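Colleague: Take a look at this one; I'll ask things after.
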Amino acid sequence: MQLRSVCLFLFVQINLIAAFHHHEKRGAETNATLYAYGADAPAWPIAYGVDDGRLYISEDPSNNDANLVPLTWDLASITGENWIANATFVNGTTAGSMYFLEDEDYAVGVLPLPRLANVKGTVTGFALFASQLVYNNDTLLQAQFWASSTDVDDVYGLTWTLDDGSPNGDFPVVVKASEDL
Ligand SMILES: *[C@@H]1O[C@H](CO)[C@@H](O)[C@H](O)[C@H]1NC(C)=O
Ligand SMILES: *[C@@H]1O[C@H](CO)[C@@H](O)[C@H](O)[C@H]1NC(C)=O
Ligand SMILES: *[C@@H]1O[C@H](CO)[C@@H](O)[C@H](O)[C@H]1NC(C)=O
Ligand SMILES: *[C@@H]1O[C@H](CO)[C@@H](O)[C@H](O)[C@H]1NC(C)=O
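For the sequence shown, my numbering gives the first residue as 46, with consecutive numbering after it.
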């Protein structure tokens, strides 16, 4: 399958100082869809796993076998002030904010902020650099999302990979937002 025929690309680490030379406050998006791009692969949307609140990459964001539903996102630009990425279900109900779960191999998920207070996760720091979703670790902008295969064919879990060279997943993906794909 296509998403798999992927070789590694280098982690994108964009120097924060260079990034802030983009002065204009552009690039924030509302009601956007997030897509994951593997190398030489079509973009697949990022969906919400109803069973566990984690994010999954699937060609069909309503995949029944994996119990997925689509999400739309409100995303800040890196020149914005509040770097919390918020997701909404198709029916307009708030799904929550993006986070990584440090204790669970840095799985990327979505939870309402009050519930996030109870888990050891990281919620702030996600914003758009141009249309690409990056994470600000206080020093650098990082884009270290990986796709991790699941029990369901062609459905991948979205994870984050640390800098220590051991990937949390099968292959890296670039995550981009689009308001009108
Ligand atoms: C968000 O986008 C969807 C699909 O393009 C559209 O149906 C919906 O009305 C939009 N919602 C808002 C609040 O703009
Ligand atoms: C996400 O929600 C939080 C809490 O309501 C809010 O402070 C933040 O500005 C929102 N982020 C975006 C990009 O709208
Ligand atoms: C909206 O959709 C989500 C996901 O399918 C569901 O969990 C939630 O209960 C729905 N909310 C309403 C008010 O129907
Ligand atoms: C951010 O990432 C860089 C590069 O891996 C690392 O040197 C630095 O310690 C990190 N900063 C924080 C606050 O995690």
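Cβ atoms here follow ideal geometry from the backbone N, Cα and C, with glycine treated the same way.
It should be emphasised that the depicted structure is a prediction, and the values quoted were computed from it without experimental measurement.
1) Looking at TRP128 and ASN76, is the spacing between their C-beta atoms short of 9 Å?
2) Could you name the residues of the same chain whose beta carbon sits closer than 8 Å to that of VAL114, not counting the 5 residues immediately before and after it, in chain order?
3) Step through the CB atoms of chain C and report whether any lies within less than 9 Å of the CB of PHE174.
4) Less than 8 Å separating the Cβ of TYR93 from some heavy atom of ligand 3?
5) How is the beta strand (DSSP E) around PRO228 delimited, first residue to last?
6) To which residues of the same chain is TYR144 closer than 7 Å at the C-beta, ignoring the five residues directly before and after it?
7) Is LEU186 helix, strand or coil when you go by DSSP?
8) Pull up the CB-CB distance for LEU178 and LEU100, whole angstroms please, since I reckon it's below 8 Å.
9) Considering only the alpha carbon of each residue, which of GLU149, LEU116, LEU146, SER211 lies closest to ALA132?
10) Give the residues whose C-beta lies closer than 5 Å to at least one heavy atom of ligand 2, in chain order.
11) With C-beta atoms as the reference, is SER122 less than 9 Å away from GLY170?
12) Which same chain residues end up closer than 6 Å to SER176 when comparing Cβ atoms and leaving out the 5 residues on each side of it in sequence?
13) Taking Cβ to Cβ, would you say ALA192 is nearer than 9 Å to THR204?
14) Quick check on the DSSP output: the alpha helix (DSSP H) that includes LEU161 runs from which residue to which?
15) Report the three-state DSSP secondary structure of ALA64 (helix, strand or coil).
16) Confirm, please, whether the CB-CB distance from ASP150 to ASN109 is below 9 Å.
17) Return helix, strand or coil for ASP271, following the three-state DSSP convention.
Modeller: Reading it off the structure:
1) Position 31 of the sequence shown, counted from the start, is the residue given in the question as residue 76. Position 83 of the sequence shown, counted from the start, is the residue given in the question as residue 128. No, they are not a contact pair.
2) Locating residue 114 in the sequence shown gives position 69, counting from the first residue. Closer than 8 Å at the Cβ level, and outside the excluded window around VAL114, lie ALA92, TYR93, VAL95, PRO106, SER107, PHE134, VAL135.
3) In the structure shown, chain C does not exist; there is a single protein chain.
4) Here residue 93 refers to the residue found at position 48 when the sequence shown is read from its first residue. Checking every heavy atom of ligand 3 against the Cβ of TYR93, one is found closer than 8 Å.
5) The requested residue 228 is not part of the displayed model; the chain covers only 46 to 226.
6) If you number the sequence shown from 1, residue 144 lands on position 99. These residues qualify, in order along the chain: GLY154, LEU156, LEU161, GLY166, THR167, VAL168.
7) In the sequence shown, residue 186 corresponds to position 141, counting from 1. DSSP places LEU186 in strand when its eight states are reduced to three.
8) For the purposes of this step, residue 178 is identified with residue 133 of the sequence shown, where counting begins at 1. For the purposes of this step, residue 100 is identified with residue 55 of the sequence shown, where counting begins at 1. Rounded, the Cβ-Cβ distance is 11 Å, inconsistent with contact.
9) Position 87 of the sequence shown, counting from 1, holds the residue named residue 132. Checked all of GLU149, LEU116, LEU146, SER211; the closest Cα to ALA132 is LEU116.
10) ASP119, ALA121, ASN127, ILE129, ASN131
11) Taking the first residue of the sequence shown as 1, we reach residue 122 at position 77. Taking the first residue of the sequence shown as 1, we reach residue 170 at position 125. Contact flag unset, no.
12) The sequence position of residue 176 within the sequence shown is 131, counting from 1. Excluding sequence neighbours, SER176 sits near LYS221, ALA222.
13) What you label residue 192 is simply residue 147 of the sequence shown in a count that begins at 1. What you label residue 204 is simply residue 159 of the sequence shown in a count that begins at 1. Cβ distance < 9 Å, so ALA192 and THR204 count as in contact.
14) Translated into the one-based positions of the sequence shown, residue 161 becomes position 116. Note, LEU161: alpha helix (DSSP H), 158-161.
15) Taking the sequence shown and counting its residues from 1, the one referred to as residue 64 is at position 19. In this predicted model, ALA64 has a pLDDT of only 44, less than 50, meaning its place in the structure is not dependable; the value taken from the coordinates is given anyway. Reduced to three states, the DSSP call for ALA64 is helix.
16) Sequence index remark: in the sequence shown, residue 109 carries index 64 (1-based). Sequence index remark: in the sequence shown, residue 150 carries index 105 (1-based). Cβ atoms of ASN109 and ASP150: not closer than 9 Å.
17) In the structure as shown, the chain begins at 46 and stops at 226. Residue 271 is therefore absent and cannot be evaluated.
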